[in-house]
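Engineer:
Residue numbers (full-length UniProt numbering), protein chains in the order written: chain A, 1 to 275; chain B, 1 to 275.
1) When you compare the CB of residue 153 of chain B with every CB in chain A, is at least one pair closer than 8 Å?
2) Identify which residue in A:122, A:111, A:125 has its Cα closest to the Cα of residue 131 of chain A.
3) List, in order along the chain, the chain B residues whose C-beta lies closer than 9 Å to that of residue 201 of chain A?
4) Return no unless some Cβ of chain B is closer than 8 Å to the Cβ of residue 208 of chain A.
5) Count the CB pairs spanning the stretch 236-250 of chain A and the stretch 195-212 of chain A that are closer than 8 Å, and state whether there are at least three.
6) Could you tell me whether the Cβ of residue 84 of chain B comes closer than 8 Å to any Cβ of chain A?
7) Quick check on DSSP: helix, strand or coil for residue 154 of chain B?
8) Quick check on the DSSP output: the alpha helix (DSSP H) that includes residue 57 of chain B runs from which residue to which?
9) Compute the Euclidean distance between the alpha carbons of residue 114 of chain B and residue 151 of chain B, then round it to the nearest angstrom.
10) Helix, strand or coil: which one does DSSP assign to residue 73 of chain B?
11) Could you check whether residue 122 of chain A and residue 100 of chain A sit closer than 8 Å to each other, using their CB atoms as the reference points?
12) For residue 210 of chain A, which residues does DSSP report across the bridge?
13) Mark residue 180 of chain B as exposed unless 16 or more other C-beta atoms lie within 10 angstroms of its C-beta, in which case mark it buried.
14) Which of the residues in the stretch 213-229 of chain B, read from start to end, lie with their CB under 7 Å from any CB of chain A?
15) Could you name the residues of chain B that residue 197 of chain A contacts, counting a contact when the two beta carbons are closer than 7 Å?
16) Leaving out five residues before and five after residue 168 of chain A in sequence, what residues of the same chain have Cβ atoms less than 7 Å from its Cβ?
17) Taking the runs of the beta strand (DSSP E) that are 3 residues or longer, which of them lie wholly in the stretch 100-150 of chain A?
18) For the alpha helix (DSSP H) containing residue 203 of chain B, name the first residue and the last one.
19) Quick test of the definition: if touching needs 3 or more C-beta pairs under 8 Å, does the stretch 20-38 of chain A touch the stretch 246-259 of chain A?
20) With DSSP run on the structure shown, which of helix, strand or coil describes residue 232 of chain B?
21) Could you pull out every residue in the same chain whose Cβ sits closer than 7 Å to the Cβ of residue 77 of chain B, ignoring the five residues on either side in sequence?
22) I'd like the span of the alpha helix (DSSP H) that includes residue 167 of chain A, first residue to last.
23) From the DSSP output, in three-state form, read off residue 193 of chain A for me.
24) If we define contact as Cβ-Cβ less than 8 Å, is residue 204 of chain B a contact residue for chain A?
25) Could you give the C-beta distance for residue 129 of chain B and residue 80 of chain B, rounded to a whole number, given that I count them as a contact under 8 Å?
26) Does DSSP put residue 187 of chain B in a helix, a strand or coil?
27) Look up residue 27 of chain A in the DSSP assignment and give the residues it is bridged to.
28) Anyone know if the C-beta pair for residue 195 of chain A and residue 89 of chain A falls short of 8 Å?
29) Tell me the DSSP secondary structure of residue 268 of chain A in three-state form.
30) Go ahead and pull the three-state DSSP assignment for residue 218 of chain B.
31) Do residue 186 of chain A and residue 165 of chain B come within 8 Å of each other at the CB atom, strictly closer than that value?
32) Measuring CA to CA, which of B:203, B:199, B:240 is closest to residue 189 of chain A?
33) Helix or strand or just coil, what does DSSP make of residue 223 of chain B?
34) Closest to residue 138 of chain B by C-alpha separation, out of B:126, B:163, B:125, would be which residue?
35) Give me, in chain order, the residues of the same chain whose beta-carbon lies closer than 8 Å to that of residue 73 of chain B; leave out the 5 immediate sequence neighbours on both sides.
36) Sorted by chain position, which residues of the same chain lie with C-beta nearer than 7 Å to residue 226 of chain B's C-beta, five sequence neighbours on each side aside?
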């Protein structure tokens, strides 16, 4: 049997480990997608304090994998600093919405690209982006970036690949950082049929750095991240949009929503209503 | 008047700066391509000791820009360590020949690609490459890399771009480093007509790092490099092939040779015979 696992928040029903008691709320990176499960206590990340003033789904969003990916991309690999010009693709997704807010908190000028006008509004009005554009309308990416980045791009959080990356490489500043979180435009194709990026030569003259990353390689920084992010959340400096699907039967629909342009923010399944 | 400048070695004819005297041999990053010239002493890098046992053209090869580029690529950005699998493109060029030898000295397994069978022999017999191939014969780069890198590629010193880079990205190991020194296959084309690289998505799963560099950004390391490289040269641990063109009238021919595949190693013009 193949079990699909996910980052999850759960309530302890019964425990043989004295560190955990019935009723504890726990965070785990490898919960099976299931209503009930048995897991070894060694895989639990930590207990969650339900009185901390942070709503539970946030532990899967700002404080979970997407928030951590945003933090690694913007703070570790992106080296965000005051005055940097940051561009976030897939900006209204789970990673992007946190990344833009983190970059703003570090003093960057932040522009996002996303797939609908409603999301453009969300980025500007709720997540504090300096500006944002709908890539389905501004189809000449090169012209769009000329308009939004008159002083060039210092940080590009890469989530889409293909033509957008190519356009970005025409606008990078010296020593630009391009943390590569994903390339969603490239996932559903045989690689030889994908759009090639033709201007990689630009990374020589601009001394740009492109670096792929998986959050699993940065787990030694997870505690630092948690302290910083909890602080932002408690101070109301970062917020997150979470789309909650109800019941385990919504799994396939929720997964599919990741690949349409329909979703906002982080997708979470609420398997059981909290009692 | 536009003056073409180059890294050069010269003999002082007359000096108004007491640090330099007639007859001193000096190294400079910005000599005009000329038989005689007047330069401010502030731009001279240093005096060369002609009794140090290092032939003068080597100060433009192993100890000059190509050697420094190789050192930055292999030791700084490539993080070469014992057991790393290193691939050097344009391996018989000025940078490549030094890069391969440096990688060997750091304990790497080193394979090179180059444009003729004679250069393949040179790499294996004179520069200590573990193996090398002629890219004009092994035209299926993907198959060639499967053969030469059964355990994948940890370091790729990128000098060519295009199809070779694409093939490499199918063979990179986790956390591979790709210092990008140049992309000579891409120089003579309008960018929209260049070959696109279609498999950049691989850098996410492999967490690969691609980083363009110019030696001018690493000048704070030039002294460290010089000490290390002079030591290698005096111990005979590194050698270099230098093609010397005679007389300033050979400038255009020597420049053209960089783009033809005909040259071996570093190209130097001997403007005046040493007296």
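Here a beta-carbon is modelled for each residue, glycine too, at the ideal position from N, C-alpha and C.
Structural biologist: Quick answer:
1) In the second chain, residue 153 of chain B corresponds to position 153, counting from 1. So no, residue 153 of chain B is outside the interface.
2) Translated into positions along the first chain, residue 131 of chain A becomes position 131. Comparing Cα-Cα distances from residue 131 of chain A to each of A:122, A:111, A:125, the minimum goes to A:111.
3) Position 201 of the first chain, counted from the first residue, corresponds to residue 201 of chain A. Those are 161, 180, 182, 183, 186, 187, 191, 194, 212, listed as they occur along chain B.
4) Working through the first chain from its first residue, we reach residue 208 of chain A at position 208. Yes, contact with chain B.
5) no
6) Looking up residue 84 of chain B in the second chain gives position 84. No - not a single Cβ of chain A is within 8 Å of the one on residue 84 of chain B.
7) Translated into the one-based positions of the second chain, residue 154 of chain B becomes position 154. Looking at residue 154 of chain B - three-state DSSP - the assignment turns out to be strand.
8) For this step, residue 57 of chain B is matched to residue 57 along the second chain. No alpha helix (DSSP H) contains residue 57 of chain B, which DSSP labels as neither H nor E.
9) Residue 114 of chain B sits at position 114 when you count from the first residue of the second chain. Residue 151 of chain B sits at position 151 when you count from the first residue of the second chain. If I take the Cα positions, the gap works out to 21 Å.
10) Here residue 73 of chain B is taken as the residue at index 73 of the second chain, counted from 1. Correct three-state label for residue 73 of chain B: helix.
11) Within the first chain, the letter at position 100 stands for residue 100 of chain A. Within the first chain, the letter at position 122 stands for residue 122 of chain A. The answer is no: Cβ separation not under 8 Å.
12) Within the first chain, numbered from 1, the residue matching residue 210 of chain A stands at position 210. In the DSSP output, where bridge partners are listed per residue, residue 210 of chain A has A:178, B:210.
13) In the second chain, residue 180 of chain B corresponds to position 180, counting from 1. Label assigned to residue 180 of chain B: buried.
14) 213, 214, 217
15) Sequence index remark: in the first chain, residue 197 of chain A carries index 197 (1-based). In chain order: 196, 197, 200.
16) Taking the first residue of the first chain as position 1, residue 168 of chain A is located at position 168. Excluding positions up to five away in sequence, the list reads 87, 145, 153, 156.
17) If we require 3 residues or more, the beta strand (DSSP E) runs fully inside the stretch 100-150 of chain A come out as 109-114, 131-134.
18) The residue given as residue 203 of chain B occupies position 203 in the second chain. Where residue 203 of chain B is concerned, the enclosing alpha helix (DSSP H) stretches over 202-205.
19) yes
20) As a working mapping, residue 232 of chain B is identified with position 232 in the second chain. If DSSP states are grouped into helix, strand and coil, residue 232 of chain B belongs with the helices.
21) Along the second chain, read from residue 1 onward, the residue named residue 77 of chain B stands at position 77. Taken in chain order, the residues that qualify are 177, 179, 211, 213.
22) Residue 167 of chain A sits at position 167 when you count from the first residue of the first chain. 162-169 is the span of the alpha helix (DSSP H), which, as asked, contains residue 167 of chain A.
23) By 1-based counting over the first chain, the position of residue 193 of chain A is 193. The answer is helix: DSSP assigns residue 193 of chain A an H, G or I state.
24) Numbered from its first residue, the second chain carries residue 204 of chain B at position 204. Residue 204 of chain B counts as touching chain A.
25) What you label residue 129 of chain B is simply residue 129 of the second chain in a count that begins at 1. What you label residue 80 of chain B is simply residue 80 of the second chain in a count that begins at 1. 14 Å between Cβ atoms; not a contact.
26) Numbered from its first residue, the second chain carries residue 187 of chain B at position 187. Note: residue 187 of chain B maps to coil in three-state DSSP.
27) Locating residue 27 of chain A in the first chain gives position 27, where the first residue counts as 1. The partner list for residue 27 of chain A (beta bridge, DSSP) reads A:9, A:46.
28) Your numbering for residue 195 of chain A matches position 195 in the first chain. Your numbering for residue 89 of chain A matches position 89 in the first chain. Using a Cβ distance threshold of 8 Å, residue 195 of chain A and residue 89 of chain A do not count as a contacting pair.
29) Residue mapping note: residue 268 of chain A aligns to position 268 of the first chain, counting from 1. Residue state, collapsed to three classes: strand.
30) Counting from one through the second chain, the residue named residue 218 of chain B turns up at place 218. In this structure, residue 218 of chain B counts as helix in the three-state DSSP scheme.
31) By one-based count along the second chain, residue 165 of chain B stands at place 165. By one-based count along the first chain, residue 186 of chain A stands at place 186. Cβ distance not < 8 Å, so residue 165 of chain B and residue 186 of chain A don't count as in contact.
32) As a position in the first chain, residue 189 of chain A is number 189, starting the count at 1. Of the listed residues, the one whose Cα sits closest to residue 189 of chain A is B:199.
33) On the second chain, residue 223 of chain B is found 223 positions in, with the first residue counted as 1. Helix, per DSSP.
34) As a first step, residue 138 of chain B is located in the second chain; it is residue number 138 there, counting from the start. Residue B:163 is the option with its Cα nearest to residue 138 of chain B.
35) By one-based count along the second chain, residue 73 of chain B stands at place 73. Correct list, in chain order: 95, 99, 157, 179, 181, 213.
36) Here residue 226 of chain B corresponds to residue number 226 of the second chain, with the count starting at 1. Closer than 7 Å at Cβ, skipping near neighbours: 63.
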